[in-house]
Each structure stands twice: as structure tokens, then as C-alpha cells.
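Engineer: Protein chains in written order, with the working numbering: chain S, 1 to 333; chain B, 1 to 333; chain A, 1 to 333; chain F, 1 to 333.
Below you can see the structure in the form of C-alpha cells.
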């Protein structure tokens, strides 16, 4: 049984508590938040969990094995570092840290102390992403041409980060998981209209093998869109996460270049066949992830969403920020 | 009555012939194509129209007042120049020319000879774009935050141009028409997979007033998408051109930054009200444009889609190409 | 403060407990279910609520003011009757009772004892139905032509009732609320394929003023549909309850018959204008209904979803059953 | 080469002329319409086709092999009869005739004279219906539970027939083709609001094996719907004819009744797997049908959409009318 202390009970905290407290093998021992009103909600919903406004007390508590860091990004490093120093495993909200240097320091610290870091890349545990991973690994899609993701809606504006740091970690962590390689360079564009942080932004990620990834994030969209297109040379895929029942559509469509003797131009021929919607497991992603955290901590296995995965995402975010500042210049990672 | 000679009877030519031949005030006198099979189709469909494989014959024919250039881009300049030299008005397919220098030369030539140039930016005459223009001009949307357009489908790969030159002229000409200003700089990203021309590409256009435009074009998409989001400070709009009846949706949604005394962070408040789908005129855009061409030629008025408009679009395409070559560097126009 | 005893903790029970226990002015005092496993769930989720497998104990408990009957239909009458006899107000799941005679007996009993009956026609409290009611009452739609509702999905097959008794009470209670009149006659068709109860069925309801209502219910549909069309002489409306944000669409469309002098046939002219999607309140319907129950009990006001409303729905269901047995013959109510 | 005379050039006539005149093996020799304006359109579009306002001239013309009857229903019988008497094959618009007695007389006449009757059940030749036929015949769907079709839109009101006679022939002819058996009885409901003919109507068709078909037709719907659900014991299917690319969705979903020892109630278990969208041939249905007419006339083969098929549809329409008059009473065929 792993006993967990939760730091932060804001928007996402209740989901973390509910999941870690209802799976076998874990128990939420304590919740900390600086806001007493948040703690009142914990007391009502989970009378058995102790609460505190003093995080250091919980981080150092002897009856606690792991700390879940569910606070704003800027505080992740400090809290996670303290927790690792106290010998606790950590489960950290995405994005992992504010800088890749911080990420590196935490990874090294955890390695030295033989502790587990898991970054909450929840989507990796969704039925949709697991199914897409399976399709890519089994080479159903073939070599990939592009990964094109749109994640837009109205708000919620963050005070400390721009829309790329807020929304793109979802897409970047999914991309990092699905595609074995990492991008070599990043180009980002965007503007800010309301609070000085970019609220409309675009990221292009260049890969070695001519693959390109693109991410469109926007806090000022009147409609919510969560759509990812993945084009492969054998099949193409559309993932619409807002669809209740038909999240993934796999198209037997493609184009092929053919040379013809004596003809200079390449002839492009097209293929268009059936479409197929695989059944996708509907288990709550965070529940699977919570179970997986317990497994990784117990067995000492490195998670797929370990500190390295978290750091790779932070490196891409840093590159995007640098490109934004250089007005779209390509930034190598 | 304006008598028109059509050069080129490929994919788009039949629509040009049908529209110019069925409106009042114009008559298609001749069609030229190098491919005799194409001309056979003309003879069957329009027995009264004379045909020829020799374009210069038609361009210099005395009974012809105007030439419609419906050929691949690389030949626009040469044909249009010859036509203007022969004293004919010209109606040129989009994109206007292969370079902005060519565009400039044609504009000057037409001005000297007092002839009309119209570039076939067909979408400006669609019910949807006319309605959006009205909404913007009447300040229903308020100051614009962004213009975000996606135009993707499977093929048709072009042999001589990349996907930006093929598909983005639609979006750029619409953007140029709707927004009074022109972009100051452009950042483009893209890769090619099949025939050496970019087949997946993205363009960001920066405007002086913090507005950003973005265009996503792709020849390797399994699904056809034709969607433009336009965010304004008063209203936001989604135009889905594939919808039969509900092409434009106007959302009474927005976000506003408020300062509060003693509070450092800006408070962002959201507004979310009704949505409204205006009825959009369904008249064929090309028919209206053909009528407009006749009017402009007859009255000597400069069209909204004149050579200057055509040149602005070509300048943006050139900037995109330069940015692509510089791997995303911002290119000023 | 109203203290409530809940009888039945199956599919819907948890929602009833959660809502009645979290609003002001009410408290769930006890939950009864014959299944001890169900009660274990109550104990985990709501440690403060006492549980019992013996309903009569709860029904007669002195500290309880009202009984919510959340059991299968066949048991509603008996439980509700006992509760009324014990002087408790009752909140009864839909459909109210198995027969209209039972409904009448309960209504009379409650009247004699001055107690409140509320039938759980939850949809009346949804933002969508409240908005439609407003539109009809304010004569935005004009006189109604038809009410056409489709409510189909795969399962859940009920053991004791057919698909009309299972699904149509939603549509019938909504129809009864929206339309001031009651149908004069009903025609029903249907067949059964698996367990002897009709699993695919259709109901037409004839109203005095030429209005017709139609309800399509089906347990064997591969897709879930929750769509209601309401046609009025001034406006027409589509309510798609599965839409997240655009539940109600109001069309400025219509047809009108005109006579022309000397022409025998009526000329029908059509009107097609804008479409409008009003913002719909997203408050949980059951929460509003729970509050309303407390208000009605406290003030002694008759609810809109009182025993009479419940009885009218049961009468329509009985008529449908009779029509089914007579193979579609019209049954007058 | 079959020479064809077309009687009637209204809404559908131009399609008939275009298709019969562009396939190999047929030629439209003449078009007749009482309205001289209609004939002017023929002259413009098809200068080679002779026109007349006198139908009998065309029906008896020696150079004509077959007559296409594209007039309002009430005139089908008279024109087709005259054509058959003159030794011409006939291609008749749906519905075939105004009464089944008329249909019978035409069938007998054609048989005596060894002539072909084809009723224009165009949908049988659409890619979607051909694919569904294949799926049913290959027992992919298994035994059918139901066939549920919705065909609604705003107008066009007909002057001489109600909405069932106008729209349901599509569904009835498709149903008749897909399902080997014919319905035993029909129940219809409906009302009229504008011109005295039912404009909102519903038909239930009972088959011997517990299958039920239902057709929902409406001239007063603000939205256009063309959706058919077909439930089989092995697979279920949704055909949405308004979808551009994904017309047919096949669901691996179902329900099964299981008996358990000692348990009275049947246990229903559900199956829910992948969904599959087969590619559907996009050839114009009427073109295939025109070719098929030429083949049938040339070879003397009876068409799938022969007079018998036309008569079966008329019988169902007659039964629906009788049921409407009897206020929903079941009418046996």
C-alpha cells in the first residue's frame, strides 16, 4: 500500500485525490493547499483524509511514501525537489518544470535516491492514445508524414504561462510517446491580446525524416476543438477527442508518386478505400495512470512518462518560447 | 456585349465558359487549348463556340474584347501580357502570376493601355465571404484578434507548385479582402514527401495591430476541411464551407481583461451568449464574378480583385517561399 | 429542513441521493435497498446516511418527512401509498404508476392528507426544456404543427416493461408540459425480438387542433439519438440533447398556403431565414427539481410535475399499450 | 441503339434527358411538354433533340423505341398505356401509378405485347443501396429486426398527392428491394396543415417474421434528414444519404437474450465492437439505371424495378391511405 500526499487542490486536484484514493494499492493520506476553502471541500468529500495548509509538514511526514504535485508550474521544481530529498516518490503535474535545467536536476536527484518520478501526461493512458500507439507500433499507419493537432477553446487564461505552456504539453507528450524520435527543431508563432501572454499560437516541429508536427493552440476560440490528424504512408488517422463514440477514424487513403518512363513529372496516384472506427477502451485515463504509478513505485520500473519524458516536453516548450521571441526563427533542440 | 476568348480548358475552364456564356452582357467567342481532346468537349457542349489550339490567334482576334487566362500559373504572365498588348482586358486565374515583378509589369501595362485586370479570386463573390465582409465592415465582430484557416484534403498534387501556391491563394485573397491591412511579415513551415514540392505547410501572417493570421494547407489529409475561425473582440465567427446550410456561425463569446485594485494579475472574464447562423446567399460565386467583370470592363471601374489585389497575394506567396527556404525565419513584405 | 428517505439505490438512486443531500433545505436521512451491496456503496460514499434493507422501517420513521421512490415501476404504487398513509410527501420515479387507477388513488390519498406528490419528470427542469417552454409560451414558434421525438439507443432492456414504458415517459412528460392540450387519441406500433416486450416502437398522438406528436423509441439502435423536432407556423425548432453546446436550434423557416384568384390549387410559398441557437442554462436538472420539491413541500404549492401530470403520462402509456394490442387501432383517451 | 421519347420536362426531366442522351446505346429522339418554356430549355441545352407539345405525336412516332413518362402521377397510367399500345417500352417515374389496378393493367398489357416496364426507383442504383443489398444478401447483418427511415425537409408540397405518396416511394422501393418479403399490414398516421393533403405522416409496415419497418415523412421540417437505420441480429447499419463520404456506417453491435437456469427473467447481454464505413461507389444512380434500361430492353430481361416492383410500392401506398382514413387501423395487403 502506497500512501500519498497531495500538494494542491485546485482544478485538477479533486480528480487526483479521487483516483488515488479509490484504486487498490494506494491511499491518500493527506492533502495540502494554501487556501483553507479548498481544504474544507476535501474534508466534506473525504472525511478520512487529513489536511493542512503547511506543505512541508506533509512532504516530510513519515507515513507518506509519495507526493503528488498538483500546483502551478512555477512551484513544481521546489516542491518536487523537497519531496525527493525527503525520500518520497513524486507524481508531478504537466508541464514537469519551468526549465529543462530544473528537470535535469530532479531526474538526477531521483536517480541518486532511487526514487520514481512520474509526470502526469494523462492522455497517454486514454483509450484513444493507447489505440493509436498500437496502430503505429504495429505499422498499420506506415511511416508517418505528419502529426497535426488542434486544441482550441475559450480560456482558461493562465496568469503565469502562455497558451503553449498551458495546452501544448498535452500534444507534445502524446507526440513524444507515439513517435519514437524527437524533433530536431521548432518554429513557433503567436500573439497576445489580453494579458501579455500569447493566447493564440502555433508550433511546427521538424523531425529528421521529413516528418512534421504542428500544434494549433488558442484561448480565444469560440468553439472547442480537440482534433489530431496523423498521416502515414499506409493509412491516415483522425482522432477527435470530443466524439463520444467514434474518437478514432482510420482511413485507407493515400497518395503515391510513380515515375513513368520518358515523363519528367512524377505521377501522383491516389488510393481511397474503407474507413474504420476501432472500439476504444473507455476506462478513465487517470485511474489507469494512478494504478501505473503504484506499479512503478512498487516494482522500481521506470515509467513511460518518467522525468526524461517530462524533460523532453519542457525542452520543446523552451524551444517554442525562444522561437516566439526570435519571431519564428527555427530553434534547434 | 463583351466577347471573351478563353485560354485553357482543363479543370476550371468549363466553369469559366459556362458562366461567361450564360450571363447577359457577355459571350464566349472562342476557346483555346493545346489538347485537342479538350476542344472536342467544348464542341460537344457548346457547338456555337469556335476552338483552336493556337492561342495567339485567339489573343489577337479582332472580335474578342477580353481574354480569360485559365492555364497553369507559370504561363499566366506571358499570356496576359500578350493579351494586354493586343488591347484586351484580362481575367486571370489565381494566383495572378509566378512573381510579384511579373504582376507589377502587368499592372503597369494595363494602366498605360487603360485595360481591366481581374484576378479570379472567386471566393470573394461567395455568399459566405460577402456576409463575413458585411459583418466585419459593420463592426459586428469588433477588432480582430486572429484569422485561422484550414484547407486540407487528399491531393490534387500539382507538378509545378507547392501546396501553399495551390491552396493558400484562396485564404490569402479572402484575408486580403476582409482585413483592410496587409501583413507585415510571414513565417512558413512545411515539408515535402512525394514529389519534391511541400505537400503539408503552415503560414503565419503577422499584422501591425497584433492580429495574426494562420493558414494550414495539406495535400495529404484523409479528410476534407474548409474551416476558418475569425476571432474579434466583440464576436467570434466560424465559417465551415462544407456545411450545406449553416456555413457561418457567429458566437456572442469573448474574453476581457480587467484590472482590480491591489491585484497584480489581470483578471480575465468570459462572456458566452447566443449563437446565430445568418442566411447566406447561394448564388454561384463565379456567376456573380463574371457579371462583375463585365460591369468593370464596361464602366472602367477598378475591380476589388484587380491586379493590385492579385499582386498582394503573390507577394505573400513569395514571402512564404522565402520563409520556407530559411526554415521558418520571419520574412518582411 | 426536509428529511428524506430514499427507497431504491440502483441506476438512478445515487443521483437522487447526491442531489437531495447537497442542496440547502434538505437532507437524506436514510436509504433503503433490498440489495446489501447497494447499501455498502451508500455507506462508502455517504457515511452519515443510515441504511436499511427494510423499507417499511424507513417509510414509517418519525424523523423522515418525505419518501423518494426510486424502484422499478411495478412497486411504485405500493410504496408511495404506504408513504402517503404514513403522512410522508412522495417523490416518485417516472412513470408514476403501472396504471392510471393507481395514479388516481394516490392523488386522492395525497389530497385527503394534504401531502405533496412530485413525479420525477427530470427533463422539465433541464435548461433545454425550460428554454423551449419559454419560446412556446411567448408564441415565438406560433401554433404548433407537430412534435416529433426520437429516443433510441442500444438497451438497456427492462424486464418488466416495454420500450415505450421505459423511454417514452421522457417525451410524453415533456410534451405534456410544453403543449397545453392533451392528445385525444393514440396509435402505437411495435414489435419485440428478444424478451417478449416491444423493443422497437412508435407512438402517434393526435391532438384536437390538427397537431400531431410522434415518438420513436428503440432499444436496438446502434446509435444513440435524442432529437426532437417541433414545427410551428412561425418558427421551427430542433432540440438535439446530445449536443454539448448547441442543443436548441431555432429556424426562421416556414410554409404558407396562398390562394390566387382563378387558380384552383393552393400556392405554397416558403420562407427560409436565419437560424439561432439560444444559450441554454447548464445547471443539473435534477438539482433544480430537488430544490423545487423542497419548495413545493414547504409552501404546499402543487408542482408542475404533480400526480396529475404523472397520471396523464400513464394514461398515454396505457393507451399506447391498448393500441399495440389492437395492432395500431386508434385508442381514445 | 434505343431511341427514347421523353414525356415531361419539369423538375426531374432534365436529368432523364441528360442521362439517356449521354450513355452508349441510347439516344433521346424527342421531348414533349405542354409548357413551351420547358421546350425552349430543351432546345438550348440539346439542340439536336426535337420537341413537341403534342405527346401523342411522340408516343406514336415510328423512330422511337421507348417512352419515358416523367409527368405527375395522375397521368402515368394513361400515357404509359398509350405507349405500350403503340408497342413502346416504358420507363415510368415513381410512384408507378395512382392505383394498383392501373399497375396491374399495365403489367398485363406489357406482358401480352412483350414489352419492358421499368419504374424509376432510382435509389436502387445508388452506391449506398447496392452496398446495403450486398451486405444483407451476404448475411453480414443477419436476420433483420427493423428498417427505420426518416425523409423530411421543408416542402416541396405537391398539389395532387400527400407527403407519403411524394416521399415514401423512395423508402418503400428501397425496402422492397432490400428485404425479400413484403409487409403483411400497414398502419399510417398523419395530419395536414396547409393544403388539405397530409404533410406530416408516419407509416409502420409489419412483416411476417416480426420485422417492422417505419417511415417518417414530413414536408414541414426545418432540416433535411435522409437517414435509415437497419438493425440486424449480427450487425446494425446507419445510412445517412446526406453525408458526402461516410454514407454507410456498419456497427458491430447487438443484444442477445440468454436464459439462466433457475432465473425467470431473460438476461440480455450486449455486444459493442468496431464500426466500419465501406467505400461506396459514387457513379450517378440514374446513369446506371439508364444503362440498365437499355440492357433490359435489348435482352428482354425483366428489371429488378419492373412493373411488379412498381405495383408492390403502389399497394403499400394505397394501404397507407386506407389506414390514414381509418385513423391508424391496421390495413392488410
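Glycine is no exception: its CB is placed at the ideal position from the N, C-alpha and C atoms.
Who are residue 256 (chain S)'s beta bridge partners in DSSP?
Structural biologist: According to DSSP, residue 256 (chain S) bridges with S:269.
Engineer: Shortest alpha-carbon distance to residue 33 (chain S) belongs to which of S:26, S:43 and S:48?
Structural biologist: Of the listed residues, the one whose Cα sits closest to residue 33 (chain S) is S:43.
Engineer: Within the chosen definition, does the region 184–192 of chain S reach the region 248–255 of chain S through at least 3 CB pairs nearer than 8 Å?
Structural biologist: These segments do not touch.
Engineer: Would you say residue 275 (chain S) lies against chain F (beta-carbon separation less than 8 Å)?
Structural biologist: Residue 275 (chain S) counts as touching chain F.
Engineer: Would you mind sorting residue 22 (chain S) into buried or exposed? The rule is 16 or more other CB atoms within 10 Å of its CB.
Structural biologist: By the neighbour-count rule (16 or more Cβ atoms within 10 Å), residue 22 (chain S) is not buried but exposed.
Engineer: Buried or exposed, going by whether 16 or more other CB atoms sit within 10 Å of the CB of residue 312 (chain S)?
Structural biologist: With 16 or more other Cβ atoms within 10 Å, it is buried.
Engineer: Starting from residue 151 (chain S), follow its DSSP beta bridges and name the residues at the other end.
Structural biologist: DSSP, once it has assigned bridges, lists S:217 and S:226 as partnering residue 151 (chain S).
Engineer: The region 31–58 of chain S: which residues have C-beta closer than 8 Å to a C-beta of chain A, in chain order?
Structural biologist: Here the close residues are 47.
Engineer: Does residue 96 (chain S) pass the burial test, meaning 16 or more other C-beta atoms within 10 Å, or should it be called exposed?
Structural biologist: Buried, since its Cβ has 16 or more Cβ neighbours within 10 Å.
Engineer: What ranges does the alpha helix (DSSP H) occupy inside the region 283–324 of chain A, keeping only unbroken runs of at least 4 residues that lie completely in it?
Structural biologist: You should have 285–299.
Engineer: Check each candidate in F:273, F:247 and F:203 and name the one with the smallest Cα separation from residue 318 (chain F).
Structural biologist: Per the Cα distances, F:203.
Engineer: Within 8 Å (strictly less), CB to CB, does residue 278 (chain B) reach chain A?
Structural biologist: So yes, residue 278 (chain B) belongs to the interface.
Engineer: What did DSSP end up calling residue 21 (chain B) once you bin it into helix, strand or coil?
Structural biologist: Note: residue 21 (chain B) maps to helix in three-state DSSP.
Engineer: What are the residues in the region 205–217 of chain A lying within 8 Å of chain E by C-beta distance?
Structural biologist: Of the chains in the structure shown, none is chain E; the protein chains are S, B, A and F.
Engineer: When you compare the region 268–278 of chain B with the region 236–249 of chain B, are there three or more beta-carbon pairs, one atom per stretch, that lie closer than 8 Å?
Structural biologist: As far as the Cβ criterion goes, the region 268–278 of chain B touches the region 236–249 of chain B, which means the pair count is three or higher.
Engineer: Give me the DSSP bridge partner(s) of residue 276 (chain S).
Structural biologist: Paired residue(s): S:250 and F:276.
Engineer: Return no unless some Cβ of chain A is closer than 8 Å to the Cβ of residue 72 (chain F).
Structural biologist: No - not a single Cβ of chain A is within 8 Å of the one on residue 72 (chain F).
Engineer: Within 10 angstroms of the Cβ of residue 159 (chain S), are there 16 or more other Cβ atoms? Answer buried if so, exposed if not.
Structural biologist: So residue 159 (chain S) ends up on the exposed side.
Engineer: Let me know the beta strand (DSSP E) ranges lying completely inside the region 45–126 of chain B, each 3 residues or longer, listed in chain order.
Structural biologist: Entirely contained in the region 45–126 of chain B, the beta strand (DSSP E) runs reaching 3 residues are, in chain order, 50–52, 66–69, 89–93 and 117–120.
Engineer: Do you know offhand how far residue 63 (chain F)'s Cα is from residue 3 (chain F)'s?
Structural biologist: So the alpha carbons of these two residues sit roughly 7 Å apart.
Engineer: With three or more C-beta pairs closer than 8 Å as the rule, is the region 213–232 of chain A touching the region 225–236 of chain F?
Structural biologist: At 8 Å Cβ cutoff, the stretches touch.
Engineer: Quick one: any contact between the region 198–216 of chain F and the region 122–133 of chain F, if contact means 3 or more CB pairs under 8 Å?
Structural biologist: These segments do not touch.
Engineer: Buried or exposed, going by whether 16 or more other CB atoms sit within 10 Å of the CB of residue 339 (chain S)?
Structural biologist: Given a span of 1 to 333 for chain S in the structure shown, any question on residue 339 (chain S) remains unanswerable.
Engineer: Applying the 10 Å Cβ sphere with the 16-neighbour rule, what's the burial state of residue 108 (chain B)?
Structural biologist: With fewer than 16 Cβ atoms within 10 Å of its Cβ, residue 108 (chain B) is classed as exposed.
Engineer: Do the region 74–92 of chain B and the region 104–119 of chain B meet, that is, are 3 or more Cβ pairs less than 8 Å apart?
Structural biologist: The region 74–92 of chain B is in contact with the region 104–119 of chain B.
Engineer: Using a Cβ-Cβ cutoff of less than 8 Å, which residues in the same chain neighbour residue 169 (chain S) once the five nearest sequence positions on both sides are dropped?
Structural biologist: Taken in chain order, the residues that qualify are 94, 95, 121, 313 and 317.
Engineer: Could you list which residues in chain F have their beta carbon closer than 9 Å to that of residue 319 (chain A), in chain order?
Structural biologist: Those within 9 Å of residue 319 (chain A) in chain F number zero; the least Cβ separation is about 12 Å.
Engineer: Assuming the contact rule is C-beta atoms closer than 8 Å, residue 61 (chain B) and residue 69 (chain B) should be a hit. Round their C-beta distance to whole Å, please.
Structural biologist: Their Cβ separation, rounded to whole angstroms, is 15 Å, which puts residue 61 (chain B) and residue 69 (chain B) out of contact at 8 Å.
Engineer: List the residues of chain A that residue 134 (chain B) touches, going by C-beta distances under 8 Å, in chain order.
Structural biologist: Per Cβ cutoff of 8 Å: no residues; residue 134 (chain B) is ~13 Å from chain A at best.
Engineer: Count the other C-beta atoms from every protein chain shown that fall within 10 angstroms of the C-beta of residue 26 (chain B), then say buried if there are 16 or more, exposed otherwise.
Structural biologist: Buried, because 16 or more other Cβ atoms sit within 10 Å of the Cβ of residue 26 (chain B).
Engineer: Going by beta carbon distance, what residues of the same chain come within less than 6 Å of residue 198 (chain A), once the five residues before and after it are set aside?
Structural biologist: For residue 198 (chain A), where only same-chain residues beyond five positions count, the Cβ hits under 6 Å are 162, 163, 190 and 192.
Engineer: By the 10 Å Cβ neighbour count, where 16 or more other Cβ atoms means buried, how is residue 281 (chain A) classified, buried or exposed?
Structural biologist: Under this definition residue 281 (chain A) is an exposed residue.
Engineer: Please classify residue 171 (chain B) as buried or exposed, where buried requires at least 16 neighbouring CB atoms within 10 angstroms.
Structural biologist: Residue 171 (chain B) is buried by the Cβ-count criterion.
Engineer: Since I believe residue 146 (chain F) is in contact with residue 155 (chain A) (beta carbons under 8 Å), could you give me their beta-carbon distance rounded to a whole number of angstroms?
Structural biologist: Contact flag wrong, Cβ pair sits at about 15 Å.
Engineer: Are the CB atoms of residue 31 (chain F) and residue 39 (chain F) within a distance shorter than 8 Å?
Structural biologist: Cβ distance < 8 Å, so residue 39 (chain F) and residue 31 (chain F) count as in contact.
Engineer: With a cut-off of 8 Å, does the C-beta of residue 330 (chain B) fall near any C-beta of chain S?
Structural biologist: Yes, residue 330 (chain B) lies at the interface with chain S (some Cβ there is under 8 Å from its Cβ).
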